Structures are given as C-alpha cells and as structure tokens.
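So the sequence shown is numbered by our numbering: it starts at 25 and just counts up by one.
Everything on this sheet refers to the single structure shown next.
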Amino acid sequence: MVLPIGPWLAGGGAVAHHGGEMSAPEPVSAEVAAAMLEPVDRLGIPLGPGQPKAFLRALGGRSDWQELTVFGALLVELFPVFAQPGVRLRSGFFGPAERALRAAGHAVEFVPADFRRFREVAQRFAPRVFATAAAPPDERGIFSLSLHAGATVEEIRSAARDPERLLVVETSPRLPRTLGLPPEHPHSIALADVDVWIEGNAEPTVLPESAIGEVEEAIAAHIARFIQPGATLQTGIGAVPNAVVALLADRSDGDFGVHSEMFTNGLMQLHKAGRVSNRKGLFDGFSITTFAMGDRALYDWLDGNEVVRFLPAEIVNDPAVIAGNRDMISINGALSVDLLGQVVADSIGGVQHSGIGGHEDFLAGAGLTAEGRSLLCLPATVDVGGQLCSRVVATLAADSIVTSPRHQVDVIVTEYGLAELAGKTVGERARALAEIAHPDFREGLRSDAHSIDRRSVLAG
C-alpha cells in the first residue's frame, strides 16, 4: 500500500487490574484516561482506522509533556497532541497529517518497515500504554476490533496481560462489528481484559474516492486484461485500483478471491456484483484483510458481515501466505521507475511521502509462484512546476530512495502499456520500460536502454 492518499477530514470509573481478580472497568471520559499517562511515557496506537480519536484529542489538552513518544502510522487527523512541545511521533506510514505536522516543524519521524514487520517494531518500541478503537461490547462483554487488525493485535494482548502496562480501549457505536477467524484469530478483546474503557462516539474516518481520469482508465484497462477468471486479488488505494475493480465488476466472468491488506469500497462493489467466490485455496469462503477504509456505505456493509475476515498483518502480509492463494494478482502504485527496474514508491525527491506498507510484502508473495503476478502502476508523466517530466527515467536521481529493488519487480504499467520484467535480461527490461514511457520521452529512453544493454553485454 504505497499509493499517495488524499486529504480527509473529540465520568470516572474503575480500572481492571492484571494478575489478580479481574473486574470489568466502568467507562471513563477521554480526559480521565488521558490523565493516566505520565509526562514521560511511551504510547502505542494502531494504524489509521484503529486510532482512538477522543483519547488522542484529549491528550492534546495537556501541556505538561516532557517526553511523550508515540508509535503509530497513518494519522487520520491532525491531533493537537503532536504539535505539543515534548511530544514525538514515530510513524511507520505517512499520510497528510504526518506531512503537515512535519512541514510545521513538529517532531515527526519515519520508521521504515514492511507492514508485516510492524509487529516486531511495536514490540521493540515497548509502549507502557497501548490505546485502540473498537466497537461497543456485545452481550458477552466482547469488543470487536472493528476496522483494524493490522500489526498491533499482539501488542493489545500483551498490554492486557502485563500488570505494568495500560490497555485503553475507546468504543464508538458508529464503528462496525467485524469478524476474525476464531479461535486462533478472534479479532476481539474482552472487556474484563481492558484497563481503561472510554465510551465514545467518534465517526470512523471517511476516505474520499480518488477521481478516475483518462490516464487511470487506460492503466486499468491494461491491468484488467491481465487478470484471468479465478485470480485472487490484492488492491491498494487510489483511482487506478478503483478503476480496475469497476472493470472487473462489469465483466461476465469472475470467480475471484480477495486477499488484500486493505479492504476498500471497490472490493465491496466486486462482492456486490457477484464476482467473488473466494475459492482461492487458502481461507476459502472468506475475503481476507487486515484493515478497511472507505465511506459510510462500506462500514455499514462490513457490520456483522461474515464474508470478510480481519487477520493480523503478520499473517495477511506474509509472503508465504500470499503465495498460497490461487493465481495471486497484486495491484499497487509507484511514483517512478528507472530502466533497470528500480522502483520509488513512497518518497519524492528523497523526502518521505507515504510509506512502504505492504508494497514489498505483496511483491515478494506474488513472485513466489509462476502463476502469481505483481503489477506496479504509475502515470507515465508528472507535472513539476509547469514542466512535463517522465516518471520512467534512465537513472534515478541521486537523492532517490528505492522502495523495491529491481529483482523484486514483475510488471510495470503505465497508460501506454505493460512492461513484463520478471525473467528478462537487463537489456530486455530496459527496452520494455522505454516502450511504455510517454512518446515525448520514448526515443531518448530507447537510446538509454541501448546503452544499458551494451554495458551489460560488455561487462559479461
């Protein structure tokens, strides 16, 4: 998941005690919960839709922070606490909020990691307090973790077990109750295991739909012809995946499976069109995901839906698990690619823009079988200060940060076609990439490709 994302839009009670007789906590206000953190403390929060909004807003009401360090990813809003002196955010994935905070000079730093490795990063960070959002408890006192299983499920359970740590759960009736695959992966937490319960009312974040233009439609058309009936799909976020799914929903064939770190409106529409059977050889009968973001219609559709199951990222994003699916097709985005096949997908001009997320996880997983394919999509050009620049370049700029090395990359797609790189020689790859560049740059890139081919032959 590395496609850039668009912009998006705050009573006392008992605390359960670990290690002794467990008692279910009474709900407290977000402000009471925020007061339980020390001026010097470590806090862990989930990625995006798992973030407890009222709690994070209440933390911003304090001004006594000396050294509050927070580990999370993809902030869903500009929480004022991260603009406070003495507060530091370590983020595994930048969104608009992280970029805005960084631009304003606040302490926001990027932690490079594949999504499947976030669990280990969180464990090493060792937060004293962990806070998450959840749906309200059912009649048995069980919270569904709602829109996020992600990489923090084990940290939630660790905080629940450890008497030296604090587990804060903020609920909202506006969050859907979603399901895991019990007993091993229940995607839930018991009220009796929670230290602090905030009974909130926060709306889940709505992810605006990206506009689909002619370029995105052309890219989607190339991709859709690549996807055969029976394929298992992973899609990222943005206009291209949405356009691809729309084309697949309109086809007369289908029998698709879904194994995708992120569940989107587009995947919901594919289900509604009757194109998903999930006969994929792994977790048959279920669409597998680790978090969901979209609009209210998606969240209402997910509520109690037994077809979609949320599992931890270390399972969903495990390349070996990904490879176990029938005819795995991974569709993600990129920002630039050079003629060697090196891909930049999460930074611009050497400055962090988004994150690695599941980009490498799904490239690796789809590439473990001959039937699996990984497609990286990008418009052929970008306007930089009124000047048209090619995204397919002879060599990456000196300050570029490579997201995916050349040996991982399978297929690159622009509006001008597909370049299949896996199994090709250095020269063949360079020539194929030159042919899908914008016509204004194609001849120059052909010449560069010839030079690369000649060097590779002479070096041999």
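Here a beta-carbon is modelled for each residue, glycine too, at the ideal position from N, C-alpha and C.
Being a predicted model, the structure only gives us computed values, none of them experimental.
For residue j and residue i, the rounded distance between their alpha carbons
| i | j | result |
| --- | --- | --- |
| V192 | S398 | 39 Å |
| G224 | P197 | 8 Å |
| V56 | L102 | 21 Å |
| A175 | E338 | 7 Å |
| A245 | V268 | 7 Å |
| D370 | R478 | 31 Å |
| R466 | P109 | 50 Å |
| F95 | V145 | 9 Å |
| A82 | D472 | 56 Å |
| T313 | N341 | 9 Å |
| A446 | A78 | 47 Å |
| S301 | F280 | 6 Å |
| E444 | L420 | 20 Å |
| D217 | F139 | 26 Å |
| A394 | P265 | 23 Å |
| G379 | Q366 | 16 Å |
| S276 | F118 | 38 Å |
| F106 | V426 | 28 Å |
| L412 | V406 | 6 Å |
| W89 | P63 | 5 Å |
| A358 | I261 | 12 Å |
| A347 | S53 | 45 Å |
| L469 | L442 | 16 Å |
Extent of the continuous alpha helix (DSSP H) run through residue i
| i | result |
| --- | --- |
| D324 | 320-326 |
| P343 | 343-347 |
| Q293 | 289-296 |
| F142 | 142-149 |
| D385 | 383-390 |
| V300 | Unbroken run through V300: none, as it is neither H nor E. |
Residue i vs residue j beta-carbon contact at 8 Å
| i | j | result |
| --- | --- | --- |
| V332 | S311 | yes |
| L171 | P253 | no |
| P336 | A173 | yes |
| L92 | E122 | no |
| L306 | N349 | yes |
| I251 | P76 | no |
| V278 | R299 | Correcting the residue identity first, residue 278 is Gly in this sequence and not Val. Cβ distance < 8 Å, so G278 and R299 count as in contact. |
| A183 | L169 | no |
| S18 | Q258 | In the structure as shown, the chain begins at 25 and stops at 484. Residue 18 is therefore absent and cannot be evaluated. |
| T256 | D351 | yes |
| S424 | V368 | yes |
| E178 | R143 | yes |
| S428 | H383 | yes |
| C401 | I243 | yes |
| V450 | I476 | yes |
| G396 | A390 | yes |
| V5 | E459 | The chain is shown only over 25 to 484; residue 5 falls outside these bounds and no answer can be derived. |
| F334 | L199 | no |
| I236 | A273 | no |
| L190 | M60 | yes |
Three-state secondary structure (DSSP) of residue i
| i | result |
| --- | --- |
| V361 | strand |
| N266 | helix |
| E45 | Residue placement at E45 is flagged as unreliable, the pLDDT there being 49, under the threshold of 50; a coordinate-derived value is accordingly withheld. |
| G85 | coil |
| F310 | coil |
| S170 | coil |
| V406 | strand |
| I251 | coil |
| P104 | helix |
| V426 | coil |
| H209 | strand |
| S378 | coil |
| R66 | strand |
| S475 | helix |
| Q432 | helix |
| G72 | helix |
| S371 | strand |
| G20 | Examination of residue 20 is not possible in this model, given that the chain is present from 25 through 484 alone. |
Residue i - containing beta strand (DSSP E), residue span
| i | result |
| --- | --- |
| F134 | 132-134 |
| I460 | I460 -> no beta strand (DSSP E), and no H or E assigned at all. |
| F117 | Careful: F117 lies outside any beta strand (DSSP E) and carries neither H nor E. |
| D351 | Looking at the DSSP string, D351 is not in any beta strand (DSSP E), and its letter there is neither H nor E. |
| I222 | 220-223 |
| A158 | 153-158 |
| S398 | 397-401 |
| A97 | 91-97 |
| V56 | Element bounds for V56: not the beta strand (DSSP E) but the alpha helix (DSSP H), 54-58. |
Below-8 Å beta-carbon distance, residue i vs any chain C residue
| i | result |
| --- | --- |
| G110 | No chain C appears in the structure shown, which is made up of a single protein chain. |
Flag this pair as touching only if the segment 443-462 and the segment 350-365 have three or more C-beta atom pairs under 8 Å; answer yes or no. The answer is yes - the segment 350-365 touches the segment 443-462, with three or more Cβ pairs under 8 Å.
Please determine if the segment 65-74 and the segment 132-152 are in contact, where contact requires at least 3 C-beta pairs separated by less than 8 Å. At 8 Å Cβ cutoff, the stretches touch.
Three or more C-beta pairs closer than 8 Å, one from the segment 409-417 and one from the segment 129-139: is that the case here? The answer is no - the segment 129-139 does not touch the segment 409-417, with fewer than three Cβ pairs under 8 Å.
Are the segment 375-382 and the segment 200-218 in contact at 8 Å, needing three or more beta carbon pairs? In this structure the segment 375-382 does not lie against the segment 200-218, because fewer than three pairs of beta carbons, one per stretch, are closer than 8 Å.
Using 8 Å as the Cβ pair cut-off and three pairs as the minimum, do the segment 313-326 and the segment 288-295 touch? With three or more CB-CB distances shorter than 8 Å, the segment 313-326 counts as touching the segment 288-295.
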